[in-house]
Structure formats: structure tokens, C-alpha cells
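There are 4 protein chains.
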Amino acid sequence: MNNRPSLNRPLSDVNRPSLNKPLSEVLAAGPSPDKYESILLAAIRVFARNGFFNAKVADVAREAGVADGTVYLYFKNKEELLTSIFNYTLDEAIALAKVETEAVADPAQKLERLAKLYLRLMGKDRNLAVVFHFELRQPKFIEQFSATKLNEFLDFIVAAVKEGQLGGSFREEISPSIAARALYGALAERVIQWILSQDEAPLVDSCGPLIDLFLNGVRR
Amino acid sequence: MNNRPSLNRPLSDVNRPSLNKPLSEVLAAGPSPDKYESILLAAIRVFARNGFFNAKVADVAREAGVADGTVYLYFKNKEELLTSIFNYTLDEAIALAKVETEAVADPAQKLERLAKLYLRLMGKDRNLAVVFHFELRQPKFIEQFSATKLNEFLDFIVAAVKEGQLGGSFREEISPSIAARALYGALAERVIQWILSQDEAPLVDSCGPLIDLFLNGVRR
Amino acid sequence: MNNRPSLNRPLSDVNRPSLNKPLSEVLAAGPSPDKYESILLAAIRVFARNGFFNAKVADVAREAGVADGTVYLYFKNKEELLTSIFNYTLDEAIALAKVETEAVADPAQKLERLAKLYLRLMGKDRNLAVVFHFELRQPKFIEQFSATKLNEFLDFIVAAVKEGQLGGSFREEISPSIAARALYGALAERVIQWILSQDEAPLVDSCGPLIDLFLNGVRR
Amino acid sequence: MNNRPSLNRPLSDVNRPSLNKPLSEVLAAGPSPDKYESILLAAIRVFARNGFFNAKVADVAREAGVADGTVYLYFKNKEELLTSIFNYTLDEAIALAKVETEAVADPAQKLERLAKLYLRLMGKDRNLAVVFHFELRQPKFIEQFSATKLNEFLDFIVAAVKEGQLGGSFREEISPSIAARALYGALAERVIQWILSQDEAPLVDSCGPLIDLFLNGVRR
DNA sequence: CATGAATGAGATTTCATTCAT
DNA sequence: CATGAATGAAATCTCATTCAT
Numbered sequence: 016m017n018n019r020p021s022l023n024r025p026l027s028d029v030n031r032p033s034l035n036k037p038l039s040e041v042l043a044a045g046p047s048p049d050k051y052e053s054i055l056l057a058a059i060r061v062f063a064r065n066g067f068f069n070a071k072v073a074d075v076a077r078e079a080g081v082a083d084g085t086v087y088l089y090f091k092n093k094e095e096l097l098t099s100i101f102n103y104t105l106d107e108a109i110a111l112a113k114v115e116t117e118a119v120a121d122p123a124q125k126l127e128r129l130a131k132l133y134l135r136l137m138g139k140d141r142n143l144a145v146v147f148h149f150e151l152r153q154p155k156f157i158e159q160f161s162a163t164k165l166n167e168f169l170d171f172i173v174a175a176v177k178e179g180q181l182g183g184s185f186r187e188e189i190s191p192s193i194a195a196r197a198l199y200g201a202l203a204e205r206v207i208q209w210i211l212s213q214d215e216a217p218l219v220d221s222c223g224p225l226i227d228l229f230l231n232g233v234r235r
Numbered sequence: 016m017n018n019r020p021s022l023n024r025p026l027s028d029v030n031r032p033s034l035n036k037p038l039s040e041v042l043a044a045g046p047s048p049d050k051y052e053s054i055l056l057a058a059i060r061v062f063a064r065n066g067f068f069n070a071k072v073a074d075v076a077r078e079a080g081v082a083d084g085t086v087y088l089y090f091k092n093k094e095e096l097l098t099s100i101f102n103y104t105l106d107e108a109i110a111l112a113k114v115e116t117e118a119v120a121d122p123a124q125k126l127e128r129l130a131k132l133y134l135r136l137m138g139k140d141r142n143l144a145v146v147f148h149f150e151l152r153q154p155k156f157i158e159q160f161s162a163t164k165l166n167e168f169l170d171f172i173v174a175a176v177k178e179g180q181l182g183g184s185f186r187e188e189i190s191p192s193i194a195a196r197a198l199y200g201a202l203a204e205r206v207i208q209w210i211l212s213q214d215e216a217p218l219v220d221s222c223g224p225l226i227d228l229f230l231n232g233v234r235r
Numbered sequence: 016m017n018n019r020p021s022l023n024r025p026l027s028d029v030n031r032p033s034l035n036k037p038l039s040e041v042l043a044a045g046p047s048p049d050k051y052e053s054i055l056l057a058a059i060r061v062f063a064r065n066g067f068f069n070a071k072v073a074d075v076a077r078e079a080g081v082a083d084g085t086v087y088l089y090f091k092n093k094e095e096l097l098t099s100i101f102n103y104t105l106d107e108a109i110a111l112a113k114v115e116t117e118a119v120a121d122p123a124q125k126l127e128r129l130a131k132l133y134l135r136l137m138g139k140d141r142n143l144a145v146v147f148h149f150e151l152r153q154p155k156f157i158e159q160f161s162a163t164k165l166n167e168f169l170d171f172i173v174a175a176v177k178e179g180q181l182g183g184s185f186r187e188e189i190s191p192s193i194a195a196r197a198l199y200g201a202l203a204e205r206v207i208q209w210i211l212s213q214d215e216a217p218l219v220d221s222c223g224p225l226i227d228l229f230l231n232g233v234r235r
Numbered sequence: 016m017n018n019r020p021s022l023n024r025p026l027s028d029v030n031r032p033s034l035n036k037p038l039s040e041v042l043a044a045g046p047s048p049d050k051y052e053s054i055l056l057a058a059i060r061v062f063a064r065n066g067f068f069n070a071k072v073a074d075v076a077r078e079a080g081v082a083d084g085t086v087y088l089y090f091k092n093k094e095e096l097l098t099s100i101f102n103y104t105l106d107e108a109i110a111l112a113k114v115e116t117e118a119v120a121d122p123a124q125k126l127e128r129l130a131k132l133y134l135r136l137m138g139k140d141r142n143l144a145v146v147f148h149f150e151l152r153q154p155k156f157i158e159q160f161s162a163t164k165l166n167e168f169l170d171f172i173v174a175a176v177k178e179g180q181l182g183g184s185f186r187e188e189i190s191p192s193i194a195a196r197a198l199y200g201a202l203a204e205r206v207i208q209w210i211l212s213q214d215e216a217p218l219v220d221s222c223g224p225l226i227d228l229f230l231n232g233v234r235r
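These protein sequence lines map, in sequence, to chains C, V, H and Z. Take the first sequence: its position 50, counting from 1, is numbered 65 in this note's numbering, and each next residue is one higher. Take the second sequence: its position 147, counting from 1, is numbered 162 in this note's numbering, and each next residue is one higher. Take the third sequence: its position 59, counting from 1, is numbered 74 in this note's numbering, and each next residue is one higher. Take the fourth sequence: its position 136, counting from 1, is numbered 151 in this note's numbering, and each next residue is one higher.
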């Protein structure tokens, strides 16, 4: 299996030079990630630092160690850099959510694992958390994605709540989708606080109180 | 009662034309709000429509029915338009929160009133809701304000939770500030959903399930 | 009547400041033409010097003595500068053609006056001649205009040829439109030669041989 | 007879791959022209389609079925592609003019054959006609070439006119060079009309009226 | 010879802001 | 106070050209 499962490639493979090389050679390239990824990771850092609109493509290029024009070999335009970050991240979140929810049977445990997963994902890269919670909060992007990828992730929460209701441990009168959004909102707000507070403690450590609050809220 | 209680005046009063006019003349202007306010309200509409960064000051001026340069007589620059919207709104929210929480004694009822207040405030102007939840989600703005005005509002929630704990109806082990943020996150996420779904039902109608979930979460 | 009849104004009059001033004030402005015209005349010089594609809008602005952005207050984009030159020139040519052909009755004399008119128009500004015969020879522009404005001018030649045929002095078997194009082609080629040869003699002086050749060609 | 008589080779022969291959191998390549020629022909199509300045070297390369870099093995730069088209075409025109004018003795017939030759040459490839009459009408190119290759072709017309004058059939008072340019201008204008009108009839068919007009013009 | 990924200089255009009227 | 024409800095994106493979 591809070791970069969540990578979203917006341009044809023709543009991915590494794909034209034997795998051994790509690996031999050493620690330097290939250009597509290094540009994307640079964009995360730069957008987190300056904000999407204030960031210059030239900054991203310099951060990635490539020429300005090279960015456009891998991304159609500046906006695609941002949407790719979103896809990059959510693809990973979705893949992990699948794994986590299949690992346990108890709905409450599933919810806890999903919450932890999200906080762990954001907590491992503050820059990514910034871009994800600030820069992507643009109507244009939200409209474009919330209906698809983000919903795909939230569906794991929805499903777990439904399971809990069917199993009898969660209250019936709660709307799973409203509850799922409420949990997501609480998690997102927690991420924002973590970002702003410069909190040094791992973000995932703050999962306990939140999930406790939520589970108490949904339980009979 | 002040007819513009939440109005935040960023420029010296010297710049406020109406203050230099005799009261009779201001009143003679009729029902139309004065220029400061009409520009601010225009900015809310324009920023909601195009996003802060894509909106042009000229658009705001046209929408307000004034010349481009006039905007700068009332606001230092484009950014101050945005921050003024934030202040404008939060001043109102804080004033209302004070009223609402003083009206009842039960902490649970206080929380419900605060939640309703927020949803009512956002629900009465979709444009404002858009600007508040999308455009203001910029690190620059968040950093600048979350420590002050927004916290001031959240403190009403924190206080109610603490009251509930002291009164014995809420669980002690819950951190009031974490709980407050969780509630706020859930409310904010609900607002975003309402914006995106083009939901025609009043936003405040969806308060019930959320507050029910939260109160169940915090109660013993 | 407007003393600048051939001026083509691509933007709304709102953008033409002089129109908002009393006529006396505009005239009082003295020898400096208003901005629209000075930018257009600057564009003729710059495009003639560097060619349309190699010319920078910044060059035009500098030549006109305005800021870069000012060009865009009067012209939608760089291309409109070029098309405006075309319109500017042909409007004048058409107006003059009307005058010239109404001044005499003899078809041969009409043709001579039309030819002279064209050579005089081009001969009075080498830069304009360059732009007109080189830069505008782009399929995009030709397709866009040859069917309209240029044809309008050529129609004066066509009409004169037809008159000559009806009057019996010109041969019937000649197609007026083919003849008109042939004359225009000969004139245009003469202009090109004049441009390239750096000929100091007035361009219009070379009208005699050409019109003699053409009239001999069409006469019985 | 040279099978590529009009080919102008701007780069040293060392760069012409086919010259380094054994003849058998070149022939074995089949009917496909060699790379130099296929790039040149591709450039004619692409320049005709998009215009020289809007055309990308990459487009030419794709059209020719070679890599971008390969273009630079055969042509110094983009501009040389254009000048080579000019030379390619005029070399052929000059060679044909020589043949045609040697085939008949009568100056009038010579002129007719030269006119037909030009129209036939342009008429057999609309793309070439477009590039020749639109794209090459750049001062830079005109200045560079009109003094040499194009004059070389026009000299055949000049010579025929002079012969006619010496033979007594053409009027003495006509300047041969002015007459030659006039005829060329008329032919060129006709080509332009043919291009723009999307005329389906062979271009050479329209030679009759033009040459008739011209001969009548120069004859006693 | 051929390739095509990478380069990076450069130009159009936008738009926040100013200031003379 | 109000205006809106003018400014000019700034940034995205393109594309001719190069050169390592």
C-alpha cells in the first residue's frame, strides 16, 4: 500500500517526476520528500505564518526550496494549494477514522477514538491546525468541501451515535447529526484555543474532558 | 436606552460628523442611520458576499452610498472595518448577556438564555453571521480579540457553569472554561451549518437540542 | 459639434473628468490634452517604438505622464489601447472621407481625394502609420474591425468606382470592391515603404503615381 | 532538383540530425519530413492559429511531436522560427519566380505569371498565408527582411515592368519600383481578404481581375 | 540527439489609500 | 465634511530557455 495514502494529486502523474523513476531511486533520494509534497508542506507553514491571503506564492516557493514557477507545475494556482491541504488532511483523517472505528465495538469508545484521532492529527502540526481552522474557514472553501470530505469524516461520528442509540446506551431523542456537529464544533474550538494559547501540552491530552462532557450529554 | 449601545467608535469623536451637528439636524436626517453606521452595515453585507479579502473598499462605499474617500473619514483602514464589526457585534452580545443572566437565577436557565441570545443575534442577520464565523476566523483577528471581547462574552457562560457547580447541580470535575468553550464551539458550528444549509427556519429554533445535550453533559 | 469627432470613448463618461467641468475650464486647461487623449497618443508613440507586444503598459503611462494605474481608469486593458487607436484613426478617416467625396462630383477626383486623404492622415504621424500598418495587422484585430470600420472607409472608394462605371468613364467589367481593395493595398504598401525608407518627403507626395496607375487601370 | 530548395538552415549543419545519419536511415524514416521541417511546419500552423506572440514554443513542440527542448536544437529561439518561415517561403517564391519569368518573353505575361505564382503559393496553405501577411508584419521583421529577400522577389516584378517600358508597351512615366510595390500591395490585400472571408475558391482564381487592372494601369 | 522538469525574470492588473478640490 | 480621480506598490502567473539525465 502506498505509504502516502492521503496524498491528493491534482495534476496528472506526468508531472510527478518521481513516478517516472524506479522506486529504488526515489527512495534513494533520501530524506528530502518529493517536490509535490515539499511544496504542500511549505504551503502549510507559510499559510499558517502569514494567512492564506497575505502569503505570497513566492514565499511558499522559497520555503519549499524551488523556483516560483515550479509551484505551478504541481498546483494549478495558489487556491489549489489551500484546497490540497484540506484534501491532504481530510483524506488522512478519513482513513484513520475507518481504522479506529473498526478497532472497537463500543460506540462510546468509537467516539473517544474519533475525537482523539482528530486532536492528535491537529496536535502533531500546529501549522496545519492553523490553516485548517483559520484559513479554510472561508465561505468559498467551506461550501466547496464541507458537503463532501468533511461530511465523510463526520459520518463516522454520526454512525457511532446511531449505534449507541440502537444499542440503547444513548438517548433516542438526540439527533445524531446535530450531536456530531456539536462534538466537532467543540473539538474545533478546543483546537483554536490550543493554537492561541501556545499551549505546550499535547493537544490530545485535552480530549478527556471534552469526550466526557459529550458522552454524558448523549447517554441516558 | 442608548440607541446604538454596542457601537464601537474607533476614531476620535471629531471625525464623527453627526457629533458636530446640532441635534436637531441629526434628527432631521430622518430614519436613515448616520454614515458611520451605514458604512459599517454596508461592510457586513459586502464582506459576507465576497469575503473580507476579496471585497473592495469601493464596494463598501458604493453599498453605503458614499464616496470611496468617505470610508476613510470614519474608519482608519479596511481592516478596521472588520474589527469594528466584531466589536459592534460583541458589544451587543455582552450587553444582552448581562441582561439575560440577571433575569433568572437558575444556572441551567442562564445557559439556555445565553445560547439562545447568541443564536438569535446571529440568526437575525445571515450576513453578520457569515462575517462573524468566516471572515473573523483569521489568526490576526482572533489573536487580537479572543483575549478580550469574546472572552468577556464567554465569561458569562463560565460563570453560569461555576454557579451550577457551586449549587450542586453540575458535576464538579468539569472545567468551567473548557465546558464554556465546548458550548461555544457547538453553537458556532451550528451557526455555520445554518449559513451553509440556507436553512429557512429561525436559527434560534435549533437551540433546544444543543442546550439539552450540553446540560445533560454537565449535570450530575 | 464635438471638436474631437473621431475620439472613441470606451469607458463611461463618468470616467472622463473633463466632462464634469464647465467647458471654459476644460479649454482653460491649455495645451495639455486631457488624460484620455494623452494616454492614447502616448500609446501610439510607444507601440510604434516597441511594437504592441513588447511595449509595457508602464511605458505608456510614463510617456503619458500618469501613473500605471491611471491607464486603467481610461482603458479596460492593454488591448483596448490598441483598438482605440484603430477607432480613433478610422473615425477621423471616415469623417474626412465624407467631406472629401462630397466636395467634388467627378469620380476620378473623388478617388484621388480619398487616396490623398489616407496618405495625408498616415503621413502626418509616422508613429500612427507604424501602429496602423504593423501592429494592427493581427488576425484578432483585423477580424474584429475589418468587417466594420475599415469597410466603412473602403465603401467610399467602392462608391466612387461605381459612380465612375455608371457615368461611363470606368470599365464595367471591373468589380468595384476588388478594385477598392487593390487601391487600398497599394496605398498601404506605399505607407509601409515610406515608414521603412525613412523617407523625408511628405507621404502624400507619392499619391500621384499611384492614383495615376489606378485610374488608368479602371478607365476605359 | 533539390528536394528542399527553399529551406533555410539557420544552425550549423552539425545540428541537423539527418545529416549525421546515413542516407539509408533518413530514407527509412519514410515519408515523414525530418525534424527541422516538421518543427517549421508545426510553427506555421501554431503561429497561424494563435499569432506569434500568443503562441507558445511548447505548442509548436507538441504540434511537431517533439519535446520542448528539441525545438532549440534546430532553432536558436522562438523568433528564429518566424524568420525561418519567412525565408523558407521567400526562397521558394524566388526560385519559382525565376522559373516563371524565364518561361515567357512577354512582360505582361511575366507579370501575370508572377502574380499567379504568389497567389498560388499563399493559396495552397492558409496557415502560411496567415503567418506571412499578419505575423510577419512586425517592424522588426519587416526591417530585417524587406530589404533583402522580399526585394529579391519584387525585383522580378520591377524587371518585367522595365522590360515592358523598354519594349514600348508600358508607359514610360511610371516608376517601376512604385508600380511593383503597388501590385504587391494589391496582391497582399487580396490574400488578406481571402483569409478573412474564409473563401473556399482557390486564391489564384482571383488573379485575373487584379492583373487586368494592373496591366491596364501600366499600358499605354 | 532528445527529453521535459525546472527555472526565474517580467508584465499586467488590482485596489487600498491619499489629497486637491 | 465629502468627493472620486489619481496613485503606485505589489503579486500572481506565464513561458522562453536551459541543462541534467
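Ideal Cβ positions, reconstructed from N, Cα and C, are used throughout, including at glycine. Remember, predicted model here, so these are calculated numbers, not experimental data.
Between the CA atoms of residue j and residue i - distance to the nearest angstrom
{"i": "Leu143(H)", "j": "Gly66(V)", "result": "45 Å"}
{"i": "Ala63(H)", "j": "Glu115(Z)", "result": "38 Å"}
{"i": "Ile226(Z)", "j": "Gln208(H)", "result": "22 Å"}
{"i": "Leu230(Z)", "j": "Ala203(H)", "result": "20 Å"}
{"i": "Leu42(V)", "j": "Ala110(V)", "result": "In this prediction, Leu42(V) scores a pLDDT of 40, lower than 50, which makes its location untrustworthy; the coordinate-derived value is nonetheless stated afterwards. For Leu42(V) and Ala110(V), the distance between alpha carbons rounds to 25 Å."}
{"i": "Gly232(Z)", "j": "Gln213(H)", "result": "28 Å"}
{"i": "Asn69(C)", "j": "Val145(C)", "result": "14 Å"}
{"i": "Ile193(V)", "j": "Asp83(V)", "result": "44 Å"}
{"i": "Ile210(H)", "j": "Thr85(H)", "result": "31 Å"}
{"i": "Ala57(H)", "j": "Glu107(H)", "result": "18 Å"}
{"i": "Arg235(H)", "j": "Glu178(H)", "result": "14 Å"}
{"i": "Ser190(H)", "j": "Lys91(Z)", "result": "46 Å"}
Same chain, Cβ closer than 7 Å to residue i, neighbours up to 5 away in sequence not counted
{"i": "Glu187(V)", "result": "Gln180"}
{"i": "Phe147(H)", "result": "Thr104 and Met137"}
{"i": "Lys195(V)", "result": "The question names Lys, but residue 195(V) is Ala in the sequence shown. Hits under 7 Å: Leu169, Ile172, Val173 and Val176."}
{"i": "Gly182(V)", "result": "Pro122"}
Segment limits, alpha helix (DSSP H) that includes residue i
{"i": "Gly66(V)", "result": "Looking at the DSSP string, Gly66(V) is not in any alpha helix (DSSP H), and its letter there is neither H nor E."}
{"i": "Val75(H)", "result": "Val72 to Ala79"}
{"i": "Glu115(Z)", "result": "Lys93 to Ala118"}
{"i": "Asp227(V)", "result": "Cys222 to Val233"}
{"i": "Thr85(Z)", "result": "Asp83 to Tyr89"}
{"i": "Val146(C)", "result": "Run containing Val146(C): none; DSSP gives neither H nor E here."}
{"i": "Glu290(Z)", "result": "The question about residue 290(Z) has no answer here: the residues shown for chain Z are numbered 16 through 235."}
Beta-carbon gap between residue i and residue j smaller than 9 Å
{"i": "Ala76(C)", "j": "Lys125(C)", "result": "no"}
{"i": "Ala201(C)", "j": "Ala201(V)", "result": "yes"}
{"i": "Gln159(V)", "j": "Phe149(C)", "result": "no"}
{"i": "Leu237(V)", "j": "Leu228(V)", "result": "One cannot answer for residue 237(V) here, as it falls past the ends of chain V, which runs 16 to 235."}
{"i": "Arg205(H)", "j": "Ala112(Z)", "result": "no"}
Cut-off 6 Å between Cβ atoms - residues of its own chain near residue i, not counting five sequence neighbours on either side
{"i": "Val219(V)", "result": "Lys131, Leu134, Arg135 and Gly138"}
{"i": "Lys155(H)", "result": "none"}
{"i": "Pro217(H)", "result": "Gly138"}
Proximity test, residue i beta-carbon vs the ligand GDP heavy atom, cut-off 8 Å
{"i": "Val173(Z)", "result": "For the ligand GDP, the structure offers nothing, since it holds no ligand at all."}
Beta-carbon proximity list for residue i, same chain, < 8 Å, skipping 5 on both sides
{"i": "Asp128(V)", "result": "Here residue 128(V) is Arg; the residue named in the question, Asp, does not match the sequence. Excluding positions up to five away in sequence, the list reads Glu115, Thr116, Ala118 and Val119."}
{"i": "Gly223(C)", "result": "none"}
{"i": "Ile59(V)", "result": "Ile100, Asp140, Asn142, Leu143 and Val146"}
{"i": "Arg165(V)", "result": "The question names Arg, yet the displayed sequence has Leu at residue 165(V). Cβ within range, chain order: Leu105."}
Legend entry - Inter-stretch contact (C-beta, 8 Å, three-pair minimum) for the segment 68-82 of chain V and the segment 48-57 of chain V: yes
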